[in-house]
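Novice: The structure that follows is given in the form of structure tokens.
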Amino acid sequence: MPPKTRPQPVTVRSMADDVRGRTDGELRELLHRRQDLARPAPADLSALAARASTRASVQRAVDSLDLAHLQVLEAALAAPETSSSAVEPATVAALLGATAGTVSPLLDDLWSLALLWRSPEGLRVVRTVSEVLVHPAGLGPHAVDLPGADPAPAPDDVTKAVADAPPAARAILDRLTWGPPVAVLPAGTPDRVAVGARWLLEQHLVRPAGGDQLALPREVALALRGGRSHAEPALASPVLDGQDRALDTIDAAAGQQVTDLLALVDELAAEWGLRPPRVLRSGGLAVRDLKRVGSVLDVDEARAAFVVELAYAAGLLADDGSLDPSWAPTPAYDEWQQQPGDQRWAAVARAWLLTTRAPHLVGTTPAGASGTVNALGPDAHWPPARGLRRDVLDQFSGAPSGLSPTPASVATALRWRRPRRVPGTFDVVITAVLREAEWLGVTGRGALSSAGRALLEGRDESALAAAMQPHLPDPVEHVLLQADLTAVAPGPLAGSLATFMRLVADIESRGGATVYRFTPDSVRRALDAGWSVDQVVGALSDASHTPVPQPLDYLVRDVARRHGQARVGAMRAYIRCDDETTLGAMLAERELSPLQLRSIAPTVLVSPVAAEMVVDFLRENGFAPAAETPDGGIVVPQAGRHRTPLQRRTSPVTATGVDDELVTTLVGALRAGEQAADYHREQVATRPGPSLPSTDPTTTLAVLRDAAADRQAVWLGYSDADGRVQRLLFYPERVEGGRVHGTAEGLSRTLSIHRVTGAAVT
Numbered sequence: 003m004p005p006k007t008r009p010q011p012v013t014v015r016s017m018a019d020d021v022r023g024r025t026d027g028e029l030r031e032l033l034h035r036r037q038d039l040a041r042p043a044p045a046d047l048s049a050l051a052a053r054a055s056t057r058a059s060v061q062r063a064v065d066s067l068d069l070a071h072l073q074v075l076e077a078a079l080a081a082p083e084t085s086s087s088a089v090e091p092a093t094v095a096a097l098l099g100a101t102a103g104t105v106s107p108l109l110d111d112l113w114s115l116a117l118l119w120r121s122p123e124g125l126r127v128v129r130t131v132s133e134v135l136v137h138p139a140g141l142g143p144h145a146v147d148l149p150g151a152d153p154a155p156a157p158d159d160v161t162k163a164v165a166d167a168p169p170a171a172r173a174i175l176d177r178l179t180w181g182p183p184v185a186v187l188p189a190g191t192p193d194r195v196a197v198g199a200r201w202l203l204e205q206h207l208v209r210p211a212g213g214d215q216l217a218l219p220r221e222v223a224l225a226l227r228g229g230r231s232h233a234e235p236a237l238a239s240p241v242l243d244g245q246d247r248a249l250d251t252i253d254a255a256a257g258q259q260v261t262d263l264l265a266l267v268d269e270l271a272a273e274w275g276l277r278p279p280r281v282l283r284s285g286g287l288a289v290r291d292l293k294r295v296g297s298v299l300d301v302d303e304a305r306a307a308f309v310v311e312l313a314y315a316a317g318l319l320a321d322d323g324s325l326d327p328s329w330a331p332t333p334a335y336d337e338w339q340q341q342p343g344d345q346r347w348a349a350v351a352r353a354w355l356l357t358t359r360a361p362h363l364v365g366t367t368p369a370g371a372s373g374t375v376n377a378l379g380p381d382a383h384w385p386p387a388r389g390l391r392r393d394v395l396d397q398f399s400g401a402p403s404g405l406s407p408t409p410a411s412v413a414t415a416l417r418w419r420r421p422r423r424v425p426g427t428f429d430v431v432i433t434a435v436l437r438e439a440e441w442l443g444v445t446g447r448g449a450l451s452s453a454g455r456a457l458l459e460g461r462d463e464s465a466l467a468a469a470m471q472p473h474l475p476d477p478v479e480h481v482l483l484q485a486d487l488t489a490v491a492p493g494p495l496a497g498s499l500a501t502f503m504r505l506v507a508d509i510e511s512r513g514g515a516t517v518y519r520f521t522p523d524s525v526r527r528a529l530d531a532g533w534s535v536d537q538v539v540g541a542l543s544d545a546s547h548t549p550v551p552q553p554l555d556y557l558v559r560d561v562a563r564r565h566g567q568a569r570v571g572a573m574r575a576y577i578r579c580d581d582e583t584t585l586g587a588m589l590a591e592r593e594l595s596p597l598q599l600r601s602i603a604p605t606v607l608v609s610p611v612a613a614e615m616v617v618d619f620l621r622e623n624g625f626a627p628a629a630e631t632p633d634g635g636i637v638v639p640q641a642g643r644h645r646t647p648l649q650r651r652t653s654p655v656t657a658t659g660v661d662d663e664l665v666t667t668l669v670g671a672l673r674a675g676e677q678a679a680d681y682h683r684e685q686v687a688t689r690p691g692p693s694l695p696s697t698d699p700t701t702t703l704a705v706l707r708d709a710a711a712d713r714q715a716v717w718l719g720y721s722d723a724d725g726r727v728q729r730l731l732f733y734p735e736r737v738e739g740g741r742v743h744g745t746a747e748g749l750s751r752t753l754s755i756h757r758v759t760g761a762a763v764t
């Protein structure tokens, strides 16, 4: 059994030694800040160090840095090479025009992230970082790494040479000084530019970099920059600008936005339950159908796309899966609709925060695409949307309570916070996220609401609902009927009354109170749905605290009197009407020519078109037909309850973070694994002959790369074609394409990485 004691500290010669020498607290911090290192769990500390040095992990860590840490890391890479190659805080500070006291804490942070490691001489940059930051701060390679044996000129010599440079050479230097440090001079380059390039080559200010490329050596660039690595060092985070608002004002505005949003989703579901739009062959919603949504909801297309995508993300809308598919509400919508407003908001708010749908892309044409993005289409799925949305909202959670920041200051702060994760459409994304957050009530008047803060803190849906509930108006169960054919709902309507009012009237305006307008078309809509005139008038009377106004009563009865004068049946369709003048008007109407109407009796017309389409055409052209059954009864349409089949929706894919308990357990396991590895090495060391190493593939790859870079020999365990493992003293030269090239016993050999059972530096 291996001993239970911790190994004694050893001289730090590598990144692995540095990691092995860290305390438990430092290891926990590393695993918290670079969570990709924890899954799957490394076998021991050596494996942890190897994984932390891989290209993918280093790339992820560098991409997560803010601008201050990134600039310090770039300056550490850009520092002039010394015999020890250690990073001196004073040198980094000089490159950034800062003090060592400012830079040292940032260097310590980079060490805790394992992007630097501590040697006896000082901090060193992990080798893989230079593979990720190929041109740190826009600087090119060192002169010794470029073709040509001449050393780089001294800074004073650079200054003197540039003072005498011809204009063409000066122009080239101006382009290269702050990066990118490589210029391309293709065939056909103007003579003036070519002459300038030749002058720079003769003065050793630039070097050939292969083919038609010229590179500016790092030493020359730093001299031209006056010894600075960055033109604009940004070691302090920018401050958000904006207006301060009272929290009660913010929450009240957010509550009103939520009330409007829930009403819009209900109106959308009611419309699509009655008239479900078709699914495009390529998936998504047709442009004309989105415009119709905007018209029905009385909002612009951007907000219409947001409501549609939000309902889809929350599982309230879906493709019905039929042979001729259409978009329709799901059974989940019916359950959601019956919940209180605060719970309804909590469900859609979480769906919005986690979705990878990007409503702002609807109607745009992405680069390289042949058409515009359709709502609900596959092109509106944009994986970066979730992370960018969270990054934008995190600016609010870190700002003072009540601050309504300007979009420009949010953009500036985010560019500082995530400088390497800024898409080309960043300003558009920020504007879209801020707009959607306002529509959703996450913000109110541009500032984070109480419920929005709970959402960002990761509270569960019950806590979110509790945070929003005080700011939503109580549902009402009555309306105020007025003589001008309007009705006013003094708050959000509940249950069946809301459904009835959407059916019998059109929404004219929203806000603290909703105004409904009764029109002949809206009343006819209720009659078409199977309501009788007495049922409509009775429902209005029950919903109002005052009698039904005479103008409204007259409107309902007049529309009912004329409703169904023309009856449509199948033949494929027939139209019968006792009023011959009405039928004559139909025959004379040019807009009805697609129906191919033909009179077969003074009171009967027939059409080869389906009855449903005949009804729609007649209504669109000012007639008021009613569909009838074969026995003469009025057809009550069932489309008003069109729903998709019950569907199983997958939850959004989210990465589960590592918590304190997991990290503590993992650190203990890493310590135990390292003790076991040390014990194994001690046992192997007592055997005659070279030891046979045993490491996991990640560690093996890292060891081989480091050995190739340092020109060191390694002991390999290598499995041959027969499965026998042999020991090799191998001198690796390069690692690429799943193979390692080098020499063993004086012969050049190429070994497959997957056959290497382990590697250890001699």
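Heads up: the sequence shown begins at 3 in the working numbering, then just goes up one per residue. For each residue, glycine too, the CB sits at the ideal point set by N, CA and C. Fair warning: this is a prediction, and the values are worked out from it, not measured in the lab.
What does the Cβ neighbour count give for T764, buried or exposed, with the cut at 16 atoms within 10 Å?
Specialist: Exposed.
Novice: I believe R36 touches A95 by the beta-carbon criterion, under 8 Å. Please report the beta-carbon distance rounded to the nearest angstrom.
Specialist: R36 to A95, Cβ: 26 Å. No contact.
Novice: Suppose contacts are defined by Cβ-Cβ distances below 7 Å. Is D246 in contact with L405 by that definition?
Specialist: Contact flag set, yes.
Novice: Within 8 Å, do at least three Cβ pairs link the segment 201–210 to the segment 151–165?
Specialist: Contact holds: three or more Cβ-Cβ distances are below 8 Å.
Novice: Which whole-angstrom value describes the C-beta separation of A575 and V616, a residue pair presumed to lie in contact below a C-beta threshold of 8 Å?
Specialist: The Cβ separation is near 4 Å, so the contact holds.
Novice: Ignoring anything shorter than 4 residues or poking outside the segment 414–487, list the alpha helix (DSSP H) runs there in chain order.
Specialist: Correct list: 428–442, 452–458 and 463–470.
Novice: So what's Q345 in DSSP terms, helix, strand or just coil?
Specialist: Note: Q345 maps to helix in three-state DSSP.
Novice: Hey, out of T501, P153, V241 and A468, whose CA is closest to A413's CA?
Specialist: Of the listed residues, the one whose Cα sits closest to A413 is V241.
Novice: Can you find the residues in the same chain that come closer than 8 Å, C-beta to C-beta, to L202, ignoring five residues on each side of it along the sequence?
Specialist: Within the same chain, L202 has close Cβ partners A167, A171, I174, L175, V208 and L216.
Novice: Please classify V136 as buried or exposed, where buried requires at least 16 neighbouring CB atoms within 10 angstroms.
Specialist: Flag for V136 reads exposed.
Novice: Ignoring anything shorter than 3 residues or poking outside the segment 605–630, list the beta strand (DSSP E) runs there in chain order.
Specialist: Runs found: 606–609 and 627–629.
Novice: What residue ranges within the segment 367–418 form continuous alpha helix (DSSP H) runs of no fewer than 4 residues, ordered along the chain?
Specialist: As far as the segment 367–418 is concerned, its whole alpha helix (DSSP H) runs of at least 4 residues are 386–399.
Novice: What's the C-alpha gap between A382 and D708?
Specialist: About 44 Å.
Novice: Below 6 Å CB to CB, which residues in the same chain sit around D291 once its five sequence neighbours on both sides are set aside?
Specialist: Cβ within range, chain order: P279.
Novice: By how many angstroms is the C-alpha of A51 removed from the C-alpha of R757?
Specialist: Distance between the alpha carbons of R757 and A51: 22 Å.
Novice: DSSP three-state label for S324, please.
Specialist: If DSSP states are grouped into helix, strand and coil, S324 belongs with coil.
Novice: Excluding five sequence neighbours on each side, which residues of the same chain lie with their C-beta closer than 8 Å to the C-beta of A233?
Specialist: Around A233: W180 and R227.
Novice: Just to confirm, is the Cβ distance from A353 to A315 under 7 Å?
Specialist: Yes, Cβ-Cβ distance for A353 and A315 is below 7 Å.
Novice: List, from N- to C-terminal side, the beta strand (DSSP E) runs of 3 residues or more that fit wholly inside the segment 162–229.
Specialist: Those beta strand (DSSP E) runs which fall completely within the segment 162–229 and span 3+ residues are 184–186 and 215–217.
Novice: Could you tell me which uninterrupted alpha helix (DSSP H) segments, each at least 4 residues in length, are contained entirely in the segment 90–138, listed from first to last along the chain?
Specialist: 91–98, 102–114 and 129–134, all fully within the segment 90–138.
Novice: Taking C-beta to C-beta, are L69 and A236 nearer than 7 Å?
Specialist: Taking 7 Å as the Cβ cut-off, L69 and A236 qualify as a contacting pair.
Novice: Can you list, in chain order, the residues of its chain with a C-beta nearer than 6 Å to that of G770? Leave out the 5 residues immediately preceding and following it.
Specialist: The question about residue 770 has no answer, for the chain in this structure spans 3 to 764.
Novice: By Cβ distance, which residues of its chain are closer than 8 Å to G448, with the 5 residues on each side in sequence left out?
Specialist: So the qualifying residues of the chain are G244, Q245, R247, S406, P407, L436 and E440.
Novice: If you check the beta carbons only, do A467 and A348 fall under 7 Å apart?
Specialist: Contact flag set, yes.
Novice: Could you tell me which of S464, Q258, E663 and D19 sits nearest to R120, measuring between CA atoms?
Specialist: Among S464, Q258, E663 and D19, the Cα nearest to that of R120 is on D19.
Novice: Would you kindly report the start and end of the unbroken beta strand (DSSP E) that includes D508?
Specialist: Start and end: D508 to S511.
Novice: Rounded to a whole number of angstroms, what is the C-alpha to C-alpha distance between Y720 and R736?
Specialist: About 17 Å.
Novice: For the beta strand (DSSP E) containing V737, name the first residue and the last one.
Specialist: Note, V737: beta strand (DSSP E), V727 to E738.
Novice: Taking just the CA atoms, how far does L47 sit from L72?
Specialist: If you take the alpha carbons of L72 and L47, they lie about 26 Å apart.
Novice: Would P472 and A496 be called neighbours here (beta carbons separated by less than 7 Å)?
Specialist: Taking 7 Å as the Cβ cut-off, P472 and A496 do not qualify as a contacting pair.
Novice: Give the straight-line distance between the Cα atoms of D344 and D262, rounded to the nearest whole angstrom.
Specialist: Going by the C-alpha atoms only, they are around 13 Å apart.
Novice: If we ignore side chains and look at the alpha-carbon of each, how far apart do V742 and S754 end up?
Specialist: Rounded to whole angstroms, V742 to S754 spans 7 Å at the Cα level.
Novice: Within the same chain, show all residues whose beta-carbon is closer than 6 Å to that of V490, passing over the 5 residues directly before and after it, in chain order.
Specialist: For V490, where only same-chain residues beyond five positions count, the Cβ hits under 6 Å are L482, A515 and V517.
Novice: Checking contacts by CB at 7 Å: is A171 closer than that to chain B?
Specialist: Here there is only one protein chain, and chain B is not present.
Novice: Ends of the alpha helix (DSSP H) at L32?
Specialist: D26 to R35 is the span of the alpha helix (DSSP H), which, as asked, contains L32.
Novice: For H803, does the count of other Cβ atoms within 10 angstroms reach 16, so buried, or fall short, so exposed?
Specialist: Since the first residue shown for the chain is 3 and the last is 764, residue 803 is missing from the structure and cannot be characterised.
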